[in-house]
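In the UniProt record's numbering, the protein residues as written are 1 to 81.
And the structure:
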(Lines of atoms letter the chains of each structure in order from A and count residues from 1; the text may use other names and numbers.)
(Lines give C-alpha, C1' and ligand atoms only; values in the text may rest on other atoms or scores of the structure.)
Protein backbone atom coordinates (compact mmCIF):
# COMPACT_ATOMS: atom_id res chain seq x y z
CA UNK A 1 0.00 0.00 0.00
CA UNK A 2 2.92 2.36 0.64
CA UNK A 3 3.78 2.28 -3.06
CA UNK A 4 0.21 3.22 -3.95
CA UNK A 5 0.20 6.16 -1.54
CA UNK A 6 3.56 7.31 -2.90
CA UNK A 7 2.25 7.06 -6.47
CA UNK A 8 -0.94 8.87 -5.46
CA UNK A 9 1.12 11.69 -3.95
CA UNK A 10 3.05 12.10 -7.20
CA UNK A 11 -0.14 12.14 -9.25
CA UNK A 12 -1.82 14.72 -7.01
CA UNK A 13 1.29 16.91 -6.99
CA UNK A 14 1.83 16.69 -10.75
CA UNK A 15 -1.73 17.62 -11.67
CA UNK A 16 -1.97 20.39 -9.07
CA UNK A 17 1.29 22.14 -9.97
CA UNK A 18 1.50 21.56 -13.73
CA UNK A 19 -2.04 22.78 -14.47
CA UNK A 20 -2.74 20.54 -17.49
CA UNK A 21 -6.29 21.89 -17.72
CA UNK A 22 -7.54 25.44 -17.97
CA UNK A 23 -9.71 25.01 -14.86
CA UNK A 24 -10.30 22.44 -12.14
CA UNK A 25 -6.75 21.14 -11.71
CA UNK A 26 -6.84 20.91 -7.92
CA UNK A 27 -10.25 19.25 -7.90
CA UNK A 28 -9.17 16.86 -10.63
CA UNK A 29 -5.97 16.00 -8.76
CA UNK A 30 -7.92 15.13 -5.63
CA UNK A 31 -10.67 13.15 -7.39
CA UNK A 32 -8.19 11.08 -9.42
CA UNK A 33 -6.10 10.20 -6.37
CA UNK A 34 -9.09 9.51 -4.14
CA UNK A 35 -10.62 7.25 -6.81
CA UNK A 36 -7.33 5.39 -7.26
CA UNK A 37 -7.06 4.69 -3.54
CA UNK A 38 -10.73 3.68 -3.30
CA UNK A 39 -10.54 1.26 -6.21
CA UNK A 40 -7.09 -0.17 -5.59
CA UNK A 41 -7.06 -0.45 -1.81
CA UNK A 42 -10.51 0.31 -0.42
CA UNK A 43 -9.38 3.52 1.28
CA UNK A 44 -10.20 7.18 0.74
CA UNK A 45 -8.84 10.54 1.82
CA UNK A 46 -11.10 11.72 4.62
CA UNK A 47 -9.76 15.25 5.02
CA UNK A 48 -12.30 17.87 6.08
CA UNK A 49 -13.44 20.01 3.14
CA UNK A 50 -11.78 23.19 4.43
CA UNK A 51 -8.47 21.43 5.12
CA UNK A 52 -8.56 19.76 1.71
CA UNK A 53 -9.14 23.04 -0.11
CA UNK A 54 -6.45 24.87 1.84
CA UNK A 55 -3.88 22.14 1.29
CA UNK A 56 -4.55 21.80 -2.43
CA UNK A 57 -4.19 25.56 -2.92
CA UNK A 58 -0.88 25.44 -1.05
CA UNK A 59 0.35 22.54 -3.21
CA UNK A 60 -0.57 24.41 -6.40
CA UNK A 61 1.34 27.43 -5.05
CA UNK A 62 4.49 25.28 -4.54
CA UNK A 63 4.31 25.54 -0.74
CA UNK A 64 4.57 21.74 -0.40
CA UNK A 65 6.66 19.08 -2.07
CA UNK A 66 5.71 15.51 -2.93
CA UNK A 67 6.86 14.22 0.46
CA UNK A 68 4.50 16.68 2.17
CA UNK A 69 1.66 15.47 -0.06
CA UNK A 70 2.41 11.85 0.81
CA UNK A 71 2.41 12.63 4.56
CA UNK A 72 -0.89 14.51 4.15
CA UNK A 73 -2.49 11.55 2.38
CA UNK A 74 -1.34 9.17 5.13
CA UNK A 75 -2.71 11.55 7.78
CA UNK A 76 -6.23 11.49 6.31
CA UNK A 77 -6.33 7.99 4.82
CA UNK A 78 -9.44 6.12 5.99
CA UNK A 79 -10.86 2.69 5.28
CA UNK A 80 -13.97 2.78 3.11
CA UNK A 81 -17.02 2.01 5.18
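Where is the CB? At the ideal position from N, CA and C, for every residue including glycine.
Owing to the predicted nature of the structure, the values given are computational and were not obtained by experimental measurement.
Residue 31 is classed as exposed because its beta carbon has fewer than 16 other beta carbons within 10 Å across all chains shown. Beyond the five residues adjoining it in sequence on each side, residue 55 comes within less than 8 Å, by CB distance, of 47, 64 and 72 in the same chain, given in chain order. If you draw a straight line from the Cα of residue 29 to the Cα of residue 15, it is about 5 Å long. The beta-bridge partner set that DSSP reports for residue 78 consists of 44.
Straight-line measurement puts the Cα of residue 81 at about 30 Å from the Cα of residue 60. The DSSP assignment places complete alpha helix (DSSP H) segments of no fewer than 4 residues inside the segment 7–68 at 25–41 and 49–60, in order along the chain. Distance from residue 70 to residue 6 at the Cβ level is roughly 6 Å; contact confirmed, criterion being Cβ atoms closer than 8 Å.
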